[in-house]
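**Student:**
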């Protein structure tokens, strides 16, 4: 389980969010496979920015949920676009996670983000 803001690429992980009450969310970041070298380069150049953007999005979704009809999101940065998809996480409801003595509630949704390389803006 990752509690830092560096979510790895091509691995499914559990992200612990410290919303009003702790919540654990399944998150996967993948590269699109269109231009692998560019996608990997942009991911690692922007690793912290991408991870922080995902963490902010997930915390916002937990405090003010997206409408049920909204299953996709797009996050655009300099050199990359993330396409995020949420789906129900029924397996998450069967696991028990604790943080010390506190029970951590599993999120209802799991998220998958796909990294697409885009043009880098020049100054």
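Numbering (the working numbering), first residue to last: 1199 to 1321. Positions of the beta carbon are idealized from the N, C-alpha and C atoms, including for glycine.
(1) Would you decide whether residue 1229 is buried or exposed? Buried here means 16 or more other CB atoms lie within 10 Å of its CB.
(2) Out of curiosity, what's the CA-to-CA distance linking residue 1244 and residue 1278?
(3) Using three-state DSSP, classify residue 1251 as helix, strand or coil.
(4) Residues in the same chain with beta-carbon distance under 6 angstroms from residue 1295, minus the five sequence neighbours each way, listed in chain order, please.
(5) Grab me the residues of residue 1300's own chain with a C-beta within less than 7 angstroms of its C-beta, minus the 5 sequence neighbours each way, in chain order.
**Tutor:** Let me spell this out:
(1) Burial is judged here by how many other beta carbons sit within 10 angstroms of a residue's own beta carbon; residue 1229 has at least 16 and is buried.
(2) The alpha-carbon atoms of residue 1244 and residue 1278 are separated by roughly 8 angstroms.
(3) It is helical.
(4) Excluding residues within five positions, the ones whose Cβ falls inside 6 angstroms are 1222 and 1302.
(5) Contacts found: 1220.
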